[in-house]
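Here the structure is laid out as structure tokens; the discussion comes afterwards.
2 protein chains.
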Amino acid sequence: MSDPLKIGLLGRGTVGSALEELVAGRRPEIEAACGRPFEIAGVLTTSEGDFDQILAESDVIVELIGGVDDARRYVLAALEAGKPVVTANKQLVARYGDELFAAAAAAGTELRFEAAVAGVVPIIRTIREAFGSVPFTRVFGIVNGTTNFILTEMASTGASYEEALSRAQELGYAEADPTEDVNGADAAAKMAILARLAFHAPVTLDQVSFEGIESVQPDDLAYARELGLSLKLLGVAERLEGGLTVRVFPCFLYPGHPLAPVEGPFNAVTVEAPEITEVTVSGPGAGGPQTAAAVLGDLISIVDGGGGGEPVESEIPVLDAVESSFYLHLEVEDVPGVLAEVARLLSSAGVSVRSVVQKGMGDEARLVMVVHRCPEDAFLTAVAEIAGLDYMRSPPRFIRVIEEEFV
Amino acid sequence: MSDPLKIGLLGRGTVGSALEELVAGRRPEIEAACGRPFEIAGVLTTSEGDFDQILAESDVIVELIGGVDDARRYVLAALEAGKPVVTANKQLVARYGDELFAAAAAAGTELRFEAAVAGVVPIIRTIREAFGSVPFTRVFGIVNGTTNFILTEMASTGASYEEALSRAQELGYAEADPTEDVNGADAAAKMAILARLAFHAPVTLDQVSFEGIESVQPDDLAYARELGLSLKLLGVAERLEGGLTVRVFPCFLYPGHPLAPVEGPFNAVTVEAPEITEVTVSGPGAGGPQTAAAVLGDLISIVDGGGGGEPVESEIPVLDAVESSFYLHLEVEDVPGVLAEVARLLSSAGVSVRSVVQKGMGDEARLVMVVHRCPEDAFLTAVAEIAGLDYMRSPPRFIRVIEEEFV
């Protein structure tokens, strides 16, 4: 085995602590993926550590202190020393991207920042790497989870903006001072980064116009529902004839729009180009462990491009006996007691019914139900018994149902 | 500038030809991204080229001939010669993945195959690279565009399976012999690959159980709609206590499921792990240019990990004047002629109305409308005039609407 990759960690807040846990807890997996383990060589916080010493003793720097002044100085020093840097700092990349990319290129090293935009959603990787040098025509997304939670809450409960914001704060989706999130400034910084990468254009933060969601009224959402629309705070970067636009604004989407189904604190970004049509990536926009996982992905990419051999564990059994929920469609004769008899057979096999639709009369009678998750063999046994009932006009049909609830 | 990257191209069908066009047409962008241009050093088809000569003259091999016997021989020979390989061949990777990964690792080179699963959707990259060594608990997806198109067609038009299949064939979404698509075998090969990567488990093709969609009836879809469900052919790979399962089957999804909104020939895959919650990637599942873009992305990743400096073009103007569709909310007095007057002011500014809802009476009267896409300054001029009307009980409110239709 090779020497460990020595990580200099700047900042030990929520994300920094989660990264320390990941690096320690996933040591065997990291070693299998990269051919070498990772270790934290030093940590810089306001109360401990010396940056120059940490830099000298590290192979790579992870910047998680936030803010722009100190962060810029440390990141530049690391890149100039030829050491790759991973950061989750969107303000840093949005404001000083040109300077930092130039420093990385001059020193022949890397700057990675997947966690700076849309948390664990791999949008930076998708734009920079997935489609080669395809020139994008448009990038749009929901890149602020706080505002998407608030708008989802207002739409689903009829709450006012203030009520929904309080709820977001209670649940930890909004900070005590939510200004940068709700006025669109946070989304604007992320869109400046995405526009720069997608269009290879020197977009600066002051070129991104933004509006927030503070003045959205509950009845805007009520009318929108009547019109079949959903409201999102959208960032849009578009290449037009003669130039480009980068903007953040609340807007309504029709149901067929790829971002219309994105609800709660989730983020999602769609990229478009003639060669790829459109590709959307979505997932949780924030959270310590999620952001740390994105940082770890960047670290592993620095060590190994990701295309090498694939480690394989010793034999893992592939199981047959699994559980499912089912839709069951029965064409039955219209006589009393059919439902009771079917329900009895299901129940005695341990299968419980979630919903039933009984339809038609005489030769058209049908019993359509969804049963809760149960062992598949129990369900199949019950269906075999049901198939033998005198009332059946044709063999039972069934299709699995994914029953679980998502965010 | 460095020497060009010499590509040995095996196969010149739809994808191979599209790749030749991309490599020639995007030469400046590729050179800017990688620091070196790409060139096709040789092409092997049934009527031209000699494999050994092409291998000797190439830096990297792109395998697009399909089938497994010749493809396996060529890819192994290339890897053993230490040359990286990019392939779009799902059967090859699903059947001989172990052998090929071992050969790549032994020679210290790379095997990349983003285009083998879900076309341009960057799911291989997401699983292998985005989250470091996070162990996934579940991977599920819609990985066959033909069947998703057929199910969407049946659900939206009430067509029978046979009618929907004919329509898919007319539109080029299904092949003349659709067997491997509709019986689930194609999806099974893709799920074997995804399960192997996600769980680092030696999953073989014969361990993946699969069912197809041939027996789905239109009234299953009609009842599903009543129950609020949508039908998809899903691949599910799950890590359970004691082992794992990899299966492909038609199933119903509740509306909150991340894959429920995926319609038509699109693909989408969700990966889950405690550290990341869930992340979904979606986009077109097939198509020559799309698949070629995924191959090009793999080629660029082989040359450059993607984290270096970012090229920036000379200044591109950031534009202000843009067009939007708008929602307009007016609290008005309930007197005759309000709608006519508002419509006249919009119309004379060149703004046309898409839909109107008129609500309430007396002090509650509201006029809520959506207008078609128009220059933003024209709309703002009209709104300023409307704000000056005597009938207005409060200032007009407006929110942008994304009007365009998606697949």
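Chain order of the listed sequences is A and H. Quick note on numbering: the numbering used here labels position 99 of the first sequence as 99, and the sequence is numbered without any gaps. Quick note on numbering: the numbering used here labels position 197 of the second sequence as 1197, and the sequence is numbered without any gaps. We treat Cβ as the ideally placed atom computed from N, Cα and C, and that holds for glycine.
Under the 7 Å criterion on CB atoms, H:E1129 is classed as interfacial with respect to chain A. For H:S1002, no CB of chain A lies under 7 Å from its own CB, so it is not counted at the interface with that chain. At least one C-beta of chain A is nearer than 7 Å to the C-beta of H:Q1207. Around the C-beta of H:S1047, fewer than 16 other C-beta atoms lie within 10 Å, and the residue is accordingly described as exposed.
Between H:P1265 and H:F1149, the gap from beta carbon to beta carbon is short of 7 Å.
Contacts between H:Y1223 and chain A, judged by CB atoms closer than 9 Å, involve Y327, H329, V357, K359, R366 and V368 in chain order. Fully contained in the stretch 120-153 of chain A are the following beta strand (DSSP E) runs of length 3 or more, in chain order: 138-142.
Of all residues in the stretch 1138-1161 of chain H, none comes within less than 7 Å of chain A when Cβ atoms are compared.
Two segments are said to touch when three or more pairs of C-beta atoms, one from each, lie closer than 8 Å; by this definition the stretch 57-71 of chain A does not touch the stretch 23-33 of chain A. For A:E211, no beta strand (DSSP E) segment is defined, and its DSSP state is neither H nor E. Between the alpha carbons of A:V295 and H:G1283 lies a gap of roughly 25 Å. Among the CB atoms of chain H, one or more fall inside 7 Å of the CB of A:Q290. Proximity to H:N1144 across H:A1041, H:L1233, H:S1324 and H:M1369 peaks at H:L1233, based on C-alpha coordinates.
Chain-order list of chain H residues neighbouring A:G8: empty, with the shortest C-beta distance near 17 Å, by a criterion of under 9 Å. Cβ-Cβ distances below 6 Å link H:S1324 to E1376 and R1400 in the same chain, with the five nearest sequence neighbours on each side left out; the list follows chain order. A distance of 7 Å or more separates the beta carbons of H:V1216 and H:M1191. If you draw a straight line from the Cα of H:A1198 to the Cα of H:I1127, it is about 6 Å long. Between H:V1370 and H:A1260, the alpha-carbon positions lie close to 27 Å from each other. By the rule that beta-carbons nearer than 7 Å mark a contact, H:P1284 touches chain A. In the structure shown, A:R73 falls within a helical segment according to DSSP collapsed to helix, strand and coil. A direct Cα-to-Cα measurement between A:V15 and A:V117 gives close to 14 Å. Per the Cβ contact rule, the stretch 1336-1344 of chain H is not in contact with the stretch 1068-1077 of chain H (fewer than 3 Cβ pairs under 8 Å).
Interface flag for H:C1251 against chain A is set, since a Cβ pair is found closer than 7 Å. With its beta carbon less than 7 Å from one in chain H, A:H257 belongs to the interface. At a cut-off of 7 Å between beta-carbon atoms, A:S301 makes contact with chain H.
A:R373 sits close to A:E403, with the two beta carbons spaced by under 7 Å.
Contact annotation, H:A1168 with A:G132: C-beta distance approximately 29 Å; criterion of less than 8 Å not satisfied. In the displayed model, A:F113 falls within coil according to three-state DSSP, outside both helix and strand. For the stretch 16-30 of chain A, the beta-carbon criterion of a distance under 8 Å to any beta-carbon of chain H is satisfied by L22, R26, E29 and I30. Three or more Cβ pairs closer than 8 Å define a contact, and the stretch 269-284 of chain A falls short of that threshold against the stretch 1165-1184 of chain H.
For the set H:D1298, H:A1273, H:M1392 and H:D1320, the Cα lying nearest the Cα of H:P1135 is the one of H:A1273. In the DSSP annotation of this structure, the continuous segment of the alpha helix (DSSP H) that includes A:S348 starts and ends at V338 to S348. In this structure, A:F252 and A:L231 form a Cβ contact; the two beta carbons are roughly 6 Å apart against a cut-off of 8 Å. A:G362 and A:D334 have their C-alpha atoms roughly 5 Å apart. Residue contact check for A:L296 against chain H: a CB pair falls below 7 Å. In this structure, A:E57 sits away from A:P84, with a CB-CB distance that is not shorter than 7 Å.
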